[in-house]
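Number of protein chains: 2
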Amino acid sequence: MSDDLARVAVLLSGRGSNFVALADACARGEVPAEIVLVLSNKADAGGLDRARERGIPTVAIPSKGMPREEHESRLVAALDEVEAHWVCLAGYMRLLTPVFIDRYAPRIVNIHPALLPSFPGVDAQAQAWEYGVRVSGCTVHLVDTGCDTGPIVLQRTVPVLDDDTSDTLAHRILEQEHVAYPTALRMLLTRRWRVHGRRVVFDPLIDVDRPWPASAN
Amino acid sequence: MSDDLARVAVLLSGRGSNFVALADACARGEVPAEIVLVLSNKADAGGLDRARERGIPTVAIPSKGMPREEHESRLVAALDEVEAHWVCLAGYMRLLTPVFIDRYAPRIVNIHPALLPSFPGVDAQAQAWEYGVRVSGCTVHLVDTGCDTGPIVLQRTVPVLDDDTSDTLAHRILEQEHVAYPTALRMLLTRRWRVHGRRVVFDPLIDVDRPWPASAN
Numbered sequence: 000m001s002d003d004l005a006r007v008a009v010l011l012s013g014r015g016s017n018f019v020a021l022a023d024a025c026a027r028g029e030v031p032a033e034i035v036l037v038l039s040n041k042a043d044a045g046g047l048d049r050a051r052e053r054g055i056p057t058v059a060i061p062s063k064g065m066p067r068e069e070h071e072s073r074l075v076a077a078l079d080e081v082e083a084h085w086v087c088l089a090g091y092m093r094l095l096t097p098v099f100i101d102r103y104a105p106r107i108v109n110i111h112p113a114l115l116p117s118f119p120g121v122d123a124q125a126q127a128w129e130y131g132v133r134v135s136g137c138t139v140h141l142v143d144t145g146c147d148t149g150p151i152v153l154q155r156t157v158p159v160l161d162d163d164t165s166d167t168l169a170h171r172i173l174e175q176e177h178v179a180y181p182t183a184l185r186m187l188l189t190r191r192w193r194v195h196g197r198r199v200v201f202d203p204l205i206d207v208d209r210p211w212p213a214s215a216n
Numbered sequence: 000m001s002d003d004l005a006r007v008a009v010l011l012s013g014r015g016s017n018f019v020a021l022a023d024a025c026a027r028g029e030v031p032a033e034i035v036l037v038l039s040n041k042a043d044a045g046g047l048d049r050a051r052e053r054g055i056p057t058v059a060i061p062s063k064g065m066p067r068e069e070h071e072s073r074l075v076a077a078l079d080e081v082e083a084h085w086v087c088l089a090g091y092m093r094l095l096t097p098v099f100i101d102r103y104a105p106r107i108v109n110i111h112p113a114l115l116p117s118f119p120g121v122d123a124q125a126q127a128w129e130y131g132v133r134v135s136g137c138t139v140h141l142v143d144t145g146c147d148t149g150p151i152v153l154q155r156t157v158p159v160l161d162d163d164t165s166d167t168l169a170h171r172i173l174e175q176e177h178v179a180y181p182t183a184l185r186m187l188l189t190r191r192w193r194v195h196g197r198r199v200v201f202d203p204l205i206d207v208d209r210p211w212p213a214s215a216n
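Here you go:
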C-alpha cells in the first residue's frame with residue numbers, strides 16, 4: 000500500500016471487464032490508484048473471481064430481498080472499513096440512493112456504453128443500433144441519483160458500420176470502454192477539476208514539453 | 000440542366016450557410032445534383048441573396064400570419080412547379096406537417112448541429128455545451144413530422160475542448176456540417192439505400208479499385 004495511491008473500490012454485478020481494465024491499468028502504473036475492494040450485489044458475479052485471481056479483497060452483499068437502503072448502508076459500511084476514497088461502478092446494475100451518493104459523491108464514477116445523454120439505461124448498444132445512429136461510443140461520468148445523468152468526464156466515439164449488428168457494435172464499444180475508464184480515472188486523480196453547472200471543468204494542463212516559463216498564450 | 004442531376008430544392012429561414020456548402024459542392028461536381036430553387040419563409044433571409052448571387056431561382060413565401068397548412072400548400076406548389084425531386088432543409092426553422100411530408104418524403108433531408116437523438120430542437124450547440132458532453136457533432140437525417148426525429152443518414156463528431164465556449168463549439172460544428180451535408184446528399188443520390196425499422200441501410204459499396212469480378216469476400 001502506498002500513500003500516493005488513491006484507494007478505489009469497484010462495484011459490479013457481472014463479469015466486470017471494466018474492473019479488469021482498471022485493475023490492469025493500475026498494475027501497470029498508468030493510473031495512480033490501488034483497488035482496495037471489489038464489491039458485488041451478486042455472489043456469483045464473475046468479476047469477483049477476477050478480483051480473487053488478482054489478490055484483491057472481495058465482498059458480496061446480495062441485494063435480493065433486502066430493502067434498498069439497508070443494502071446501501073451495508074455497502075457503505077464495507078467501503079468505509081477499507082477506507083475507500085473513490086468508487087468506480089463497473090457494470091453495477093442498480094441505481095444508488097442518497098444513502099450511498101451523499102457519502103461518496105462526487106467521487107463515484109460510472110461508465111456507460113453510449114454517448115450520453117443518448118441512450119441511458121439498459122441495453123444502450125441495442126438502443127443505439129435500433130435508433131440508427133451512425134456514431135455511438137461510451138461515456139465516463141460522475142454518478143448522481145439519476146439513471147446515467149451525472150456530469151460527464153470523458154467520452155469516446157465508435158462509428159456504427161453498415162454491416163454492424165447490435166452485438167458487433169457492443170463489442171467495439173467495449174474495447175473503447177476499456178481505454179476510456181482508466182483514462183478518465185487518471186484524469187480525475189491527477190488533474191485539478193470542478194463541476195461547474197453540470198460540466199466537469201479541468202484546469203489547463205501544464206505543457207511539460209515547453210521550457211519554463213511558458214511563453215504568454 | 001442535365002437529366003443526370005437530381006433536382007434539389009433548398010428551404011431556409013436564415014443566412015443559409017449549409018445551402019452555400021451544398022451549392023458549392025454541386026458546382027464542383029461533388030454531388031450529382033442541381034439546386035433548382037431556394038425557398039424561404041422569410042423574405043429577408045440572407046440565404047436568398049446567396050442564391051441570387053449564384054443565379055439560382057428564389058421564392059419567398061412568408062409564413063407569418065398564414066395558416067400552417069396553407070403555407071405548406073404554397074411551398075409544395077412552388078416545389079412542384081420547378082419539378083423538385085429532393086428537398087434539403089438548411090436552417091429552416093419550422094416543423095413540417097403531413098401536407099408537406101407526405102408529398103416529398105422520404106426525399107426530405109435536414110441537418111442538425113448535434114449528435115441526435117441528443118439535443119434536438121433549437122440551440123442544440125448551447126444545449127450540448129451546457130450539458131457538459133465531451134463530444135458533439137452534427138447529424139444529417141431524413142425528415143418526418145417530429146422535431147429532428149427522422150432516420151439518420153450520417154453523423155460527424157466534434158470534440159468539446161476544455162476551453163470551448165458555446166460559440167466556439169458551434170463554429171467547429173458548423174465546419175463539419177458543411178462537410179457532412181454534401182457527403183450525405185451524395186450518398187443518398189448515388190447509393191442504393193432503404194429505411195429498415197428506423198435505420199437507413201446502404202447497400203455495400205462496390206469496390207471500384209478492385210478488378211471485376213471482385214473476389215469472394
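Protein sequences appear in the order of chains A and B. Following numbering that gives the first Met the number 0, the numbering of the first sequence begins with 0 at its first residue and continues without gaps. Following numbering that gives the first Met the number 0, the numbering of the second sequence begins with 0 at its first residue and continues without gaps. Ideal Cβ positions, reconstructed from N, Cα and C, are used throughout, including at glycine.
If you measure between the beta carbons of residue i and residue j, is that distance less than 7 Å?
{"i": "I172/A", "j": "P116/A", "result": "no"}
{"i": "R89/A", "j": "L187/A", "result": "Residue identity differs from the one stated: residue 89/A is Ala in this sequence, not Arg. Going by C-beta atoms, A89/A is not nearer than 7 Å to L187/A."}
{"i": "G136/A", "j": "T167/A", "result": "no"}
{"i": "V139/A", "j": "A183/A", "result": "yes"}
{"i": "A169/B", "j": "Q124/B", "result": "yes"}
{"i": "A83/B", "j": "R6/B", "result": "yes"}
{"i": "L225/A", "j": "E33/A", "result": "Nothing can be reported for residue 225/A, as the shown portion of chain A is limited to 0 through 216."}
{"i": "G131/B", "j": "I151/A", "result": "yes"}
{"i": "I60/B", "j": "V37/B", "result": "no"}
{"i": "P119/A", "j": "D79/A", "result": "no"}
{"i": "T144/B", "j": "I100/B", "result": "yes"}
{"i": "V75/B", "j": "V35/B", "result": "no"}
{"i": "V58/A", "j": "A44/A", "result": "no"}
{"i": "R51/A", "j": "V19/A", "result": "no"}
{"i": "Q154/B", "j": "L114/B", "result": "yes"}
Would you identify the three-state DSSP class for residue i, choosing helix, strand or coil?
{"i": "N40/A", "result": "coil"}
{"i": "S16/B", "result": "helix"}
{"i": "C25/A", "result": "helix"}
{"i": "T144/B", "result": "coil"}
{"i": "I60/B", "result": "coil"}
{"i": "F99/A", "result": "helix"}
{"i": "A8/B", "result": "strand"}
{"i": "G136/B", "result": "strand"}
{"i": "A32/B", "result": "strand"}
{"i": "P210/B", "result": "At P210/B, the pLDDT of 48 sits below 50, so the modelled position is not reliable; the number obtained from the coordinates is stated separately. Reduced to three states, the DSSP call for P210/B is coil."}
{"i": "I55/B", "result": "coil"}
{"i": "P158/B", "result": "strand"}
{"i": "L204/B", "result": "coil"}
{"i": "R198/A", "result": "strand"}
{"i": "V152/A", "result": "strand"}
{"i": "S117/A", "result": "coil"}
{"i": "V178/A", "result": "helix"}
{"i": "M186/A", "result": "helix"}
{"i": "Y130/A", "result": "helix"}
{"i": "D122/B", "result": "coil"}
{"i": "N216/A", "result": "Note that N216/A scores a pLDDT of 38, beneath 50, so its modelled location is shaky and nothing firm can be said."}
{"i": "R93/A", "result": "coil"}
{"i": "D3/B", "result": "coil"}
{"i": "T164/B", "result": "coil"}
Per DSSP, residue i forms a beta bridge with which residues?
{"i": "I107/B", "result": "V86/B"}
{"i": "L74/A", "result": "Bridge partners of L74/A: none, in fact."}
{"i": "R193/A", "result": "V200/A"}
To the nearest whole angstrom, what separates the beta carbons of residue i and residue j, a pair I think is in contact under 8 Å?
{"i": "E71/A", "j": "V98/A", "result": "4 Å"}
{"i": "N40/B", "j": "R93/B", "result": "6 Å"}
{"i": "R185/B", "j": "F201/B", "result": "The pair is not a contact, with the Cβ atoms about 12 Å apart (cut-off 8 Å)."}
{"i": "Y180/A", "j": "L21/A", "result": "6 Å"}
{"i": "V86/B", "j": "L141/B", "result": "With a Cβ gap of about 11 Å, V86/B and L141/B do not count as contacting."}
{"i": "W128/B", "j": "S165/B", "result": "4 Å"}
{"i": "P203/A", "j": "D163/B", "result": "The pair is not a contact, with the Cβ atoms about 13 Å apart (cut-off 8 Å)."}
{"i": "R67/A", "j": "T96/A", "result": "6 Å"}
* Asked: According to a CB-to-CB cut-off of less than 8 Å, which residues of the stretch 46-67 of chain A neighbour chain B?
  -> Taking 8 Å as the Cβ-Cβ cut-off against chain B, none of the residues of the stretch 46-67 of chain A qualify.
* Identify each residue in the stretch 154-174 of chain B for which the Cβ-Cβ distance to at least one residue of chain A is less than 7 Å, and report them in chain order. => Taking 7 Å as the Cβ-Cβ cut-off against chain A, the residues of the stretch 154-174 of chain B that qualify are Q154, T156 and D161.
* To do: Quick one: which residues of the stretch 181-197 of chain B get their C-beta closer than 8 Å to a C-beta of chain A? List them in chain order.
  => Listed in chain order, the positions of the stretch 181-197 of chain B with a beta carbon within less than 8 Å of a beta carbon of chain A are G196 and R197.
* What residues in the stretch 124-137 of chain B have a beta carbon less than 8 Å from any beta carbon of chain A? -> Within the stretch 124-137 of chain B, contact with chain A at the beta-carbon level (separation under 8 Å) is assigned to W128, E129, Y130, G131, V132, R133, V134 and G136.
* To do: Mind checking the stretch 10-22 of chain B against chain A and listing, in chain order, the residues whose C-beta falls within less than 8 Å of any C-beta there?
  => Flagged: no residues at all.
* To do: Below 7 Å between beta carbons is the criterion; list the residues of the stretch 86-120 of chain A that meet it against any residue of chain B, in chain order.
  => Those would be L114, P116 and S117, in chain order.
* To do: Taking only beta carbons into account, state which residues of the stretch 22-47 of chain B come closer than 7 Å to chain A, listed in chain order.
  => From the stretch 22-47 of chain B, no residue has a Cβ closer than 7 Å to chain A.
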